[in-house]
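In my numbering, the protein residues as written are 806 to 1172.
Backbone N, C-alpha and C fix where the C-beta goes; we use that ideal spot for every residue, glycine too.
Printed below as a string of structure tokens:
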């Protein structure tokens, strides 16, 4: 009787979770939720940085109405960046299929976790990621379960989120600051080796169904380390776009080069060798970036590659702010983000096609 009752309780609990769209799995949290996190970062911090940079340079034009417009977009950019935590919270909640009330609470939890515990270190995106996921799942569990849902759901969601942030964010803030500082400083000391490692690793992460942008933002990658990350991402996107031109033509160039190399994941699972050309290209462009052109990129933009040209724009913004933007940097952006990955990936893929390692149709996009 006891075992039968236990099985019944397990089935009932499983049905309850399904009815609440609570799916405890690695894919839910490290693919779907992280994707929502990246969307939130893009809509707030990244767009905010781009607008602020545009405002700065447009404001140099000595025309009254243009300067007023420049001031407006600069202010808009600052405000967009200021709500990064809330935007990430909403993005994650949407990815987890949260009800509207839980989603609204996730925005509050996200804003709290992003800034907590405060100076000198804040938990940032990773703190938001953890606090919001836990808060949302508890919020979904109690949502519409009582007649006073308007009170119970916010109390539970916010309470769990604040408590999680209070317990985890201080340690996350210190750990992420240490990791980011280590990577950034190590790249300065060993630009060749770290240029290869960062470029290859971040590029691979970009093509995998997880968010390279969110990871780069979480660790606060910056400077030439961010430039290496940008090089790796561009190598994957441009590399796959060019290497698969025979199969996908111009539609593939646009969808992969300006969209995402993640589209190739089904093909990579079947024929993993097709990943070699773009990855080898990233191993070359990474140290080229750190040692020859010394490109710089910060945070989320470093993990975006050529998606919507966000990476090159972020590189321009970072180097403008640091005062390192030069004719050599402009050449570097073109070479590292476009020319080198295209040429290298094409050469490597053609060699592999001659050897029979890559056959026609291996990189054909589905759908």
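Item to check | Beta-carbon proximity check, residue 1141 vs residue 1090, cutoff 8 Å | outcome: yes
Item to check | Member of 862, 886, 887 whose CA lies at the smallest distance from the CA of residue 876 | outcome: 862
Item to check | Assigned secondary structure, residue 846 (DSSP; H/G/I helix, E/B strand, else coil) | outcome: helix
Item to check | 8 Å Cβ cutoff met for residue 1056 and residue 1046 | outcome: no
Next on the checklist: If contacts are defined as beta-carbon pairs under 8 Å, then residue 864 and residue 882 qualify, I think. What distance do you get, rounded to the angstrom?
Outcome noted: No, residue 864 and residue 882 are not in contact; Cβ-Cβ is about 12 Å, not under 8 Å.
Next on the checklist: So for residue 836, helix, strand or coil by DSSP?
Outcome noted: helix
Next on the checklist: Looking at residue 982: is its Cβ nearer than 8 Å to the Cβ of residue 1170?
Outcome noted: no
Next on the checklist: Can you list, in chain order, the residues of its chain with a C-beta nearer than 6 Å to that of residue 879? Leave out the 5 residues immediately preceding and following it.
Outcome noted: 857, 860
Item to check | Continuous alpha helix (DSSP H) stretch holding residue 983: start and end | outcome: 954-994
Checklist entry - How far does the alpha helix (DSSP H) with residue 1095 in it reach, from first residue to last? => result Premise fails: residue 1095 is in no alpha helix (DSSP H) and is neither H nor E.
Checklist entry - Should residue 1035 and residue 1120 be called a contact, given that it needs their Cβ atoms to be closer than 8 Å? => result yes
Item to check | residue 1093 and residue 1062 closer than 8 Å at C-beta | outcome: no
Checklist entry - Are the CB atoms of residue 1107 and residue 1026 nearer to each other than 8 Å? => result yes
Next on the checklist: Taking the straight line between their C-alpha atoms, what separation do you get for residue 1131 and residue 1111?
Outcome noted: 21 Å
Checklist entry - Mapping DSSP to helix, strand and coil, what is residue 1129? => result coil
Next on the checklist: On a Cα-Cα basis, can you pick out the residue from 990, 946, 1022 that is closest to residue 823?
Outcome noted: 946
Next on the checklist: Please classify residue 1138 as buried or exposed, where buried requires at least 16 neighbouring CB atoms within 10 angstroms.
Outcome noted: buried
Checklist entry - So, are the CB atoms of residue 914 and residue 948 less than 8 Å apart? => result no
Checklist entry - So, helix, strand or coil for residue 1171, using DSSP? => result coil
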